[in-house]
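Protein chains: 2
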Amino acid sequence: MSNIAAAIITIGDELLIGQTIDTNSAWIAQRLNAMGIDVLRRVAVGDDRNAITDALNSELASASLIIITGGLGPTADDITKPLLNEYFGGNMVVNEAVLEHLKNLFIKRHRPFLERNLKQAEVPDNCIVLHNQFGTAPGMWFNKEDKVVISLPGVPFEMASIMEQEALPRLKQTFFSDALLHRSIVTAGEGESFIAEAIQDIEEALPAHIKLAYLPGAGMVKLRLTGRGSDADKLVAELEVQQQAIASRLGNIVFALEDIPLQEIIGKWLTANKATLGLAESCTGGYISHHITQLAGASNYFNGGIVCYQDELKEKILGVKRETLEQYDAVSEQTVTEMVQGALRVLHVDYAFAITGLLGPASPQDKSPVGTIWMAVADKTTVKTNVFHFRYDRERNKEMAVSMGMLMILKFLNQSKPITPNP
Amino acid sequence: MSNIAAAIITIGDELLIGQTIDTNSAWIAQRLNAMGIDVLRRVAVGDDRNAITDALNSELASASLIIITGGLGPTADDITKPLLNEYFGGNMVVNEAVLEHLKNLFIKRHRPFLERNLKQAEVPDNCIVLHNQFGTAPGMWFNKEDKVVISLPGVPFEMASIMEQEALPRLKQTFFSDALLHRSIVTAGEGESFIAEAIQDIEEALPAHIKLAYLPGAGMVKLRLTGRGSDADKLVAELEVQQQAIASRLGNIVFALEDIPLQEIIGKWLTANKATLGLAESCTGGYISHHITQLAGASNYFNGGIVCYQDELKEKILGVKRETLEQYDAVSEQTVTEMVQGALRVLHVDYAFAITGLLGPASPQDKSPVGTIWMAVADKTTVKTNVFHFRYDRERNKEMAVSMGMLMILKFLNQSKPITPNP
Chain A
1 MSNIAAAIIT IGDELLIGQT IDTNSAWIAQ RLNAMGIDVL RRVAVGDDRN
51 AITDALNSEL ASASLIIITG GLGPTADDIT KPLLNEYFGG NMVVNEAVLE
101 HLKNLFIKRH RPFLERNLKQ AEVPDNCIVL HNQFGTAPGM WFNKEDKVVI
151 SLPGVPFEMA SIMEQEALPR LKQTFFSDAL LHRSIVTAGE GESFIAEAIQ
201 DIEEALPAHI KLAYLPGAGM VKLRLTGRGS DADKLVAELE VQQQAIASRL
251 GNIVFALEDI PLQEIIGKWL TANKATLGLA ESCTGGYISH HITQLAGASN
301 YFNGGIVCYQ DELKEKILGV KRETLEQYDA VSEQTVTEMV QGALRVLHVD
351 YAFAITGLLG PASPQDKSPV GTIWMAVADK TTVKTNVFHF RYDRERNKEM
401 AVSMGMLMIL KFLNQSKPIT PNP
Chain B
424 MSNIAAAIIT IGDELLIGQT IDTNSAWIAQ RLNAMGIDVL RRVAVGDDRN
474 AITDALNSEL ASASLIIITG GLGPTADDIT KPLLNEYFGG NMVVNEAVLE
524 HLKNLFIKRH RPFLERNLKQ AEVPDNCIVL HNQFGTAPGM WFNKEDKVVI
574 SLPGVPFEMA SIMEQEALPR LKQTFFSDAL LHRSIVTAGE GESFIAEAIQ
624 DIEEALPAHI KLAYLPGAGM VKLRLTGRGS DADKLVAELE VQQQAIASRL
674 GNIVFALEDI PLQEIIGKWL TANKATLGLA ESCTGGYISH HITQLAGASN
724 YFNGGIVCYQ DELKEKILGV KRETLEQYDA VSEQTVTEMV QGALRVLHVD
774 YAFAITGLLG PASPQDKSPV GTIWMAVADK TTVKTNVFHF RYDRERNKEM
824 AVSMGMLMIL KFLNQSKPIT PNP
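Same order as they appear, the protein sequences are chains A and B.
Counting from 1, one number per residue, gives the positions in the first sequence under the working numbering.
Counting from 424, one number per residue, gives the positions in the second sequence under the working numbering.
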């Protein structure tokens, strides 16, 4: 039984001149995948009638489902709604439900309802309107023979809410498909080649309906097993046998058996062990704190952090000694050690992590080479330090530092309770 | 004189299941645009021979330049290189320069050079090799009749370095084109509809070779004027006349006349005024500090921040009074005022900003509604506070809080030196 084939069309000049990064497509693809709908292609085109029509024609030739995002706002550069109306041979009519919703939104936002806003309440009369609780542009669902075309606004959280509440439930009813399931193995510390070599026999012996993909990230490689089949329970069992085989083979480079971010693995450990964490960040400027607090409920284990971008604050708040800074420099094992000890004390936590380094670009007062990053993690009895030398640009060095920092925290936490599966 | 038409093809199953967000396309589109090359379409396909071949065929039909990213790694799921070799009728040969570079990389990384890595040194003999200083997979430049196809690895910083150093200079030589220039007006505080109404006459009177686009973001709308023409100096003058006309009309909702991030506008102001900034973040968990320190040179004006995720730290480090927290709650005007005053003192800065709120989801101990965010900005003599009520999810609320927070800082700084153009 073959899966439903879908295509995603994103519309907007801003995508083609690179002013906007398309996060919608990835989000939509994840949701469709979880339902067993395969995205075969994603296409981005500009705010141009011919380009949009061509994309619709060519994608409809091979896909049963098209999701369109973008091109629905109230301003002059938005042309998608009238185009879809013509494409599907409808007439534009004011939709009373949409009109009432619009007027309510304008009242809530203390904005006057202008003449041109009335147009936003017009929809083709041959589509099903998908309610947009957060915004003004409604989603639209068109049926064309046995195919479905869904048009959604480009604002990510509006698009997501219409998909969750309106489009996905309706898609489940409309299409039927095989189960498509994933299992992941998150590794850190070795590259793709090493891993591929280590598990070559397992990979070669995979049954035809299970595929393995390598997804390299900052300092990590995620392995993803994807299986498809009509019997979901049987598929889960098969996937987990392969997942265990790979994890056992890779041993202590395995950090998790689910594809969740490092901050979530850390959060789960701290919650399970009723322990608290605090941070002292210099070069990463609060970016690790941001990651840790991305999760709701982080306040159960995260006390806070000190962003000590200037040496003065390392001294004044964390109690790093002036002699240490002068003798060894701010980017040194001695400084990071005093930082982490200060963080433990000042933030009143069970575990602390500290980081100081030079992300780049080079400046005349640098004493260490650009890319040198010192890190320390500590509890009341032990301090571990590590130094990295990244060779990328400022932004990439920061991403690497965050990733390596969280891995270092996780390794330290895991010392007492390893999560590595036994061989 | 028409511009060069390009298409971007991104390859990888991870793009179609949504595990990876495609940042490469936007980056490439920006760079091509700056040269006057128009990106007409972006297409993402999976690691599948037929899909890649179909995409090449269809994009080559309308574009003169194709940039391909992804599908070049050493593992079994990478099939692009042999496919391109066949497509362009070449033979795979070991390239000595690539081989030497690979061996050096492996030595640097203290990794054994494995049998399967030898394959990475093979390239089609009919392409120009584009050196990849940061990684193992070289870029490849193919000529097909008067068209160019460039294949690059998918790892963003490797792709970017090959583009900057190898591909872009060669593209400049290969293609000639009209100037394509942009001018921006960054606004905050009003929606698209309001702005469109306010500048309707200016927009309608724009000459045919100048287009206006509305790019809404978190709490902001960016307006972008795009012009094309053979005389770059004349075009600049024309664009700037329109930019000034729009900016004057929109008055004090204009925050900048260039499309740079808020943190950069803040950084420029602080640098020009030799002033320092510090932050006290509760709900945003270091995310504003991260934004401020994204810029190289931020240490010239940013001292640091306190991420006081727990009330205990608001008290202990920032000196917020326990009675204030108990009587008014952590999310209150009183608390945020004491936070900002504490930050001024503890971080030893000219300007401080503080934020405390509930990003969601709801929890039983919340005293204010989810989405309530208090902010304060202060110098030695004045404290300004503001409250926001966001109605989105946790992530979007955080983005909005960062955006609104930086706007609030900027407004405060601008009070003495407005950047709004005169009418």
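Glycine residues also receive a C-beta, built at the ideal position from the N, C-alpha and C atoms.
Just so it is clear, the structure is predicted and the values come from calculations on it, not from any experiment.
Between the CA atoms of residue j and residue i - distance to the nearest angstrom
i: Arg249/A; j: Asp178/A; result: 30 Å
i: Asp48/A; j: Ile79/A; result: 8 Å
i: Ala428/B; j: Leu506/B; result: 24 Å
i: Ser299/A; j: Thr20/A; result: 32 Å
i: Ser791/B; j: Lys321/A; result: 42 Å
i: Leu407/A; j: Gly742/B; result: 33 Å
i: His533/B; j: Ala376/A; result: 23 Å
i: Ile68/A; j: Val336/A; result: 50 Å
i: Leu295/A; j: His554/B; result: 40 Å
i: Thr847/B; j: Glu312/A; result: Limits of chain B in this structure are 424 at one end and 846 at the other, which puts residue 847/B out of reach.
i: Ser786/B; j: Gly297/A; result: 9 Å
i: Thr597/B; j: Asn447/B; result: 22 Å
i: Phe88/A; j: Met159/A; result: 22 Å
i: Leu483/B; j: Lys570/B; result: 8 Å
i: Gln750/B; j: Met762/B; result: 15 Å
Unbroken alpha helix (DSSP H) run spanning residue i, endpoints
i: Val743/B; result: It is not in any alpha helix (DSSP H) - Val743/B carries neither H nor E in the DSSP assignment.
i: Asn252/A; result: Run containing Asn252/A: none; DSSP gives neither H nor E here.
i: Ser443/A; result: Summary: the structure shown does not reach residue 443/A, with chain A confined to residues 1 through 423, and so no result is reported for it.
i: Thr760/B; result: 756 to 769
i: Ala848/B; result: Since the first and last residues shown for chain B are 424 and 846, residue 848/B lies out of range.
i: Lys81/A; result: 80 to 87
i: Arg394/A; result: 394 to 414
Residue-chain proximity (residue i, chain A), Cβ-Cβ < 7 Å
i: His713/B; result: yes
i: Pro784/B; result: yes
i: Gly441/B; result: yes
i: Gln838/B; result: no
i: Asp624/B; result: no
i: Phe580/B; result: yes
i: Asp436/B; result: yes
i: Thr716/B; result: yes
i: Arg817/B; result: yes
i: Gln788/B; result: no
i: Val462/B; result: yes
Sequence-distant residues of its chain with Cβ nearer than 8 Å to residue i (five each side left out)
i: Asp682/B; result: His605, Ser607, Val609, Lys645, Arg647
i: Leu40/A; result: Ala5, Ala6, Ala7, Ser62, Ala63
i: Gln120/A; result: Pro74, Val98, Leu102, Thr136, Ala137
Interface flag, residue i vs chain B, CB-CB below 7 Å
i: Arg42/A; result: yes
i: Phe302/A; result: yes
i: Ile67/A; result: no
i: Val383/A; result: no
i: Val123/A; result: no
Sequence-distant residues of the same chain with beta carbon closer than 6 Å to residue i, five excluded per side
i: Ile199/A; result: Ile246, Arg249
i: Ala137/A; result: Leu72, Pro153
i: Asn143/A; result: none
Residue j beta carbon less than 7 Å from that of residue i
i: Gly642/B; j: Ala611/B; result: yes
i: Gly727/B; j: Tyr309/A; result: yes
i: Val552/B; j: Ile489/B; result: no
i: Ile530/B; j: Gly493/B; result: no
i: Val93/A; j: Asp125/A; result: yes
i: Gly285/A; j: Ser705/B; result: no
i: Ala753/B; j: Ile796/B; result: no
i: Ser574/B; j: Met563/B; result: yes
i: Ser193/A; j: Leu537/B; result: yes
i: Glu620/B; j: Ile676/B; result: no
i: Asn397/A; j: Leu359/A; result: yes
i: Ile292/A; j: Phe302/A; result: yes
Bounding residues of the beta strand (DSSP E) (the contiguous stretch that carries residue i)
i: Lys380/A; result: Lys380/A -> no beta strand (DSSP E), and no H or E assigned at all.
i: Val571/B; result: 570 to 575
i: Tyr214/A; result: 210 to 217
Chain-order list of residues whose beta-carbon lies under 7 Å from that of residue i (same chain, five-residue window excluded)
i: Asp366/A; result: Leu358
i: Leu105/A; result: Thr136
- Just by C-beta distance, which residues in the segment 746 to 762 of chain B are closer than 7 Å to chain E? Annotation note: the requested chain E is absent from the structure, which comprises protein chains A and B.
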